[in-house]
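Notes follow the structure.
Protein chains in written order, with the numbering used here: chain A, 1 to 218; chain B, 1 to 218.
What follows is the structure, given as structure tokens:
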């Protein structure tokens with residue numbers, strides 16, 4: 001069906017055949033056709049309307065998707081052996097640049113955790129994280145000896161909203177030291193804010209060497 | 001519903017109430033509940049099974065999504081005035097690094113188009129693109145006087161698959177010149193390969209100044 005749309009056998013705006021017809025034609029279950037149509041609609045190439053049927057999108061808005069992974073799983077999925085090293089774990093006053101991003105107006109003590117994620121013993125990601133103890137008080141006494149803050153939060157602190165920012169930068173001396181880079185080598189930075197309605201949870205900067213490639217397919 | 005899941009009013013793995021019950025409780029149409037459930041399932045926090053009902057995911061795999069935009073629209077959506085400047089437009093032998101990425105094994109003439117996208121007269125993105133003329137022969141005689149190659153392809157050449165790679169780099173002399181940067185300033189690079197089954201269409205490198213922020217929410 002994707003090929004028919006791409007090659008304009010099914011033209012932009014055209015109504016496509018019903019699920020039963022397609023199921024017979026492709027020799028598969030109607031549920032399978034339904035799932036494929038859902039996938040295509042999600043990708044923005046089909047527009048499905050209740051009762052009005054399914055049409056080829058006139059202006060396809062292609063959506064790429066990427067999973068927000070646990071960094072351990074991300075490394076293991078690429079075939080690397082995962083390790084992490086805790087760098088520091090203290091409650092301290094958060095700098096204004098952090099509280100501002102979290103929408104917190106007053107000065108505030110937060111849990112500041114820094115750690116290094118390694119793949120095959122090479123630095124993969126340096127994580128510099130601030131955690132709002134009001135949102136996750138149980139994390140205060142966690143030692144992060146066996147589980148990284150990333151993994152702890154994913155499994156203990158579901159969030160409802162997140163903002164993710166990707167950008168390029170140059171390694172500062174601390175980042176260069178952590179990631180085995182030279183100062184001013186390029187770094188790929190992901191910043192993530194997660195929150196519940198009215199309650200910020202955490203702000204994290206994840207810094208990768210410039211050689212890191214984030215790949216997504218659609 | 002997102003809050004109930006996040007705050008564990010609905011625990012991981014729990015079966016949630018049916019659509020009719022939720023519609024009554026929230027005082028809205030069942031179709032509205034259905035759309036919200038679909039959104040949450042798409043975000044990976046709910047797992048919906050035909051007949052077996054809807055459960056809170058045990059291991060939520062959060063998926064972020066971003067739209068693949070026409071760069072003109074991306075700039076206009078941010079409130080900028082869009083302009084583009086064609087830098088070069090020639091048919092020439094593609095370098096091996098390009099053909100290899102496109103899965104083309106023989107040396108091949110391809111359309112090489114370079115252009116600069118500007119926002120409020122400032123360089124926003126430098127686009128360096130190779131196009132497979134076998135896939136889109138009609139583009140050979142396009143002058144790109146009124147429409148950028150990006151916009152031409154989005155509207156004329158639907159694709160079925162794409163691979164997108166994000167990484168950080170340092171501006172080379174050509175990129176620095178185009179983007180008004182210093183050599184070795186950081187750049188944010190997006191590479192995109194698009195293809196039909198068995199037919200590569202285009203390989204493009206989109207280079208942004210390091211100050212560029214790609215933002216996505218979920």
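Here a beta-carbon is modelled for each residue, glycine too, at the ideal position from N, C-alpha and C.
Beta bridge counterpart(s) of residue i as assigned by DSSP
i                     : result
residue 203 (chain B) : B:130 and B:193
residue 175 (chain A) : BP columns for residue 175 (chain A) are empty, so no partner.
residue 83 (chain A)  : A:118
residue 214 (chain A) : B:166
residue 53 (chain A)  : A:49
residue 145 (chain A) : Residue 145 (chain A) is not bridged to any residue.
residue 93 (chain A)  : A:109
residue 136 (chain B) : Partner(s): none; residue 136 (chain B) has no beta bridge.
residue 88 (chain A)  : A:114
residue 123 (chain B) : B:118
residue 187 (chain B) : B:169 and B:209
residue 161 (chain B) : B:195
residue 15 (chain B)  : B:55
Burial state of residue i (16 or more Cβ within 10 Å)
i                     : result
residue 150 (chain A) : buried
residue 132 (chain A) : buried
residue 172 (chain B) : exposed
residue 200 (chain B) : buried
residue 203 (chain A) : buried
residue 192 (chain A) : buried
residue 141 (chain B) : exposed
residue 15 (chain B)  : exposed
residue 148 (chain A) : buried
residue 22 (chain A)  : buried
residue 28 (chain B)  : exposed
residue 146 (chain B) : exposed
residue 74 (chain A)  : buried
residue 154 (chain B) : buried
residue 242 (chain B) : Nothing can be reported for residue 242 (chain B), as the shown portion of chain B is limited to 1 through 218.
residue 114 (chain A) : buried
residue 212 (chain A) : buried
residue 188 (chain A) : buried
residue 159 (chain B) : buried
residue 84 (chain B)  : buried
residue 194 (chain A) : buried
residue 119 (chain A) : buried
residue 168 (chain B) : buried
residue 96 (chain B)  : exposed
residue 33 (chain A)  : buried
residue 92 (chain A)  : exposed
residue 263 (chain A) : Examination of residue 263 (chain A) is not possible in this model, given that chain A is present from 1 through 218 alone.
residue 94 (chain B)  : buried
Cβ separation of residue i and residue j, assumed to be a contact under 8 Å, to the nearest whole Å
i                     : j                     : result
residue 170 (chain A) : residue 186 (chain B) : 5 Å
residue 218 (chain A) : residue 162 (chain B) : 5 Å
residue 165 (chain B) : residue 215 (chain A) : 5 Å
residue 90 (chain A)  : residue 112 (chain A) : 6 Å
residue 3 (chain A)   : residue 197 (chain B) : 6 Å
residue 35 (chain A)  : residue 19 (chain A)  : Actually they do not touch by this definition, with Cβ atoms about 10 Å apart.
residue 130 (chain B) : residue 98 (chain B)  : 5 Å
residue 40 (chain A)  : residue 1 (chain A)   : 6 Å
residue 207 (chain A) : residue 175 (chain A) : 5 Å
residue 50 (chain B)  : residue 37 (chain B)  : That belief does not hold up - the Cβ atoms of residue 50 (chain B) and residue 37 (chain B) are roughly 13 Å apart, past 8 Å.
residue 136 (chain B) : residue 157 (chain B) : 5 Å
Residue i: CB within 8 Å of a non-hydrogen atom of the ligand NAD
i                     : result
residue 138 (chain B) : Among the ligands in the structure shown, none appear at all, so the ligand NAD cannot be discussed.
For the 8 Å Cβ check, are there 3 or more pairs between the region 173–185 of chain B and the region 116–129 of chain B? yes
If you measure beta-carbon to beta-carbon, which residues of the region 178–209 of chain B are closer than 7 Å to chain A? 186, 187, 188, 196 and 197
Inter-stretch contact at 8 Å, needing at least 3 Cβ pairs: the region 90–110 of chain B / the region 67–75 of chain B: no
Listed in chain order, which residues of the region 101–125 of chain A have Cβ atoms closer than 8 Å to some Cβ of chain B? none
Of all the residues that make up the region 73–88 of chain B, which are near chain A by a beta-carbon distance shorter than 9 Å? none
Could you please tell me which residues of the region 160–175 of chain A, in chain order, have their CB closer than 8 Å to any CB of chain B? 160, 161, 162, 163, 164, 165, 166, 167, 168, 169 and 170
Please name the residues in the region 7–36 of chain A whose beta-carbon is closer than 9 Å to at least one beta-carbon of chain B, in chain order. 7, 8, 12 and 31
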